[in-house]
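If you read the sequences in order, they're chains A and B. Just so we're aligned, residue 791 is where the first sequence starts under my numbering, counting upward by one. Just so we're aligned, residue 6 is where the second sequence starts under my numbering, counting upward by one. C-beta atoms are modelled at their ideal positions from N, C-alpha and C, and glycine is treated no differently. Bear in mind the structure is a predicted one, so any value in this text is a computation, not a measurement.
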Amino acid sequence: DIQMTQSPSSLSASVGDRVTITCRATQSISSYLNWYQREPGKAPKLLIYAASSLQGGVPSRFSGSGSGTDFTLTISSLQPEDFATYYCQQSYSTPYTFGQGTRLEIK
Amino acid sequence: EVQLLESGGDLAQPGGSLRLSCAASGFTFSSYAMSWVRLAPGKGLEWVSAISGSGSSTNYADSVKGRFTIFRDKSKNTLYLQMNSLRAEDTAVYYCAKDWSSGYGGTLDYWGQGTLVTVSS
């Protein structure tokens, strides 16, 4: 199975900050990498698919990059509604493994 | 508007069974693969199982293989997860999610709110 490792596991930041979360796969997954946002009590939401494509309706302050084994999610200017937990997920092969999550908290 | 509504979560005893349902609307159900993903307390998301749009192909995480069965009813636009031989480690919120392709490609573009399964004596 492909293992996904995210860093950091938690992050404190302020509104307006630029934030970057990284995700590493144990083998090359080309660009088969997705990012999801999960807020407590809400349905998880697809933000980025195929490593760098923005899902419809997602604000442009979210961006993704990378290929192969190393990927990043960047939020250019944090907004209050962005404080949530973020997960990367590989869709290269089953089982479709997720990273352990990055909890983004208000500083 | 795509809507996914899970139900069936409950308290179950170890070794017991539960059946989860996910009622889908707002899209052509049989055209898309579907998945179940779970979130255990204090842990991250774990993909559990997927089924193709036609229902002819399924796949499972090793942790549930042989105990859980995913299936779908096109006439009812409903996805199911039959959970047998439940263990304490199956305790989690279970989400159903729509895949963006008919064959399970793994990119999950819509999710339900989840249903809680607790396995305890």
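In the structure shown, ALA815 of chain A adopts extended strand secondary structure according to DSSP, grouped into three states.
Collapsing the DSSP output to three states places SER802 of chain A in a strand. Not a single unbroken stretch of the alpha helix (DSSP H) spanning 4 or more residues falls wholly within the stretch 13 to 93 of chain B. In this structure, the alpha-carbon of VAL7 of chain B lies about 31 Å from that of GLY71 of chain B.
Below the 7 Å Cβ cutoff, chain B contributes TRP52 and GLY111 as neighbours of TYR886 of chain A, in chain order.
Distance from the Cα of ASP114 of chain B is smallest, within the candidate group A:THR812, A:GLN845 and A:ALA841, for A:GLN845.
Judged by beta-carbon spacing, PHE861 of chain A lies beyond the 9 Å limit of LEU837 of chain A, meaning their Cβ atoms are not closer than that value. Within 10 angstroms of the beta-carbon of ARG808 of chain A lie fewer than 16 other beta-carbons, which makes it exposed. Within its own chain, the residues whose Cβ lies closer than 6 Å to the Cβ of SER30 of chain B, once the five positions on either side in sequence are excluded, are GLN8, listed in chain order. Between THR96 of chain B and PHE76 of chain B, the CB-CB gap reaches or exceeds 9 Å. If you draw a 10 Å sphere on the C-beta of ILE865 of chain A, you find 16 or more other C-beta atoms in it, and that means buried.
Contacts with chain A at 9 Å (Cβ-Cβ) do not include SER26 of chain B. GLN827 of chain A and GLY889 of chain A have their C-alpha atoms some 12 Å from each other. Taking 9 Å as the Cβ-Cβ cut-off, the stretch 111 to 126 of chain B approaches chain A at GLY111, THR112, LEU113, ASP114, TYR115, TRP116, GLY117, GLN118 and GLY119, given in chain order. Nearest C-alpha to SER106 of chain B among B:THR74, B:VAL69, B:SER57 and B:LEU23: B:SER57. Nearest to SER857 of chain A by alpha-carbon distance, out of A:SER797, A:ARG893, A:THR875 and A:ARG814, is A:ARG814. Chain B places a beta carbon closer than 9 Å to that of GLN890 of chain A, counting this residue as a contact.
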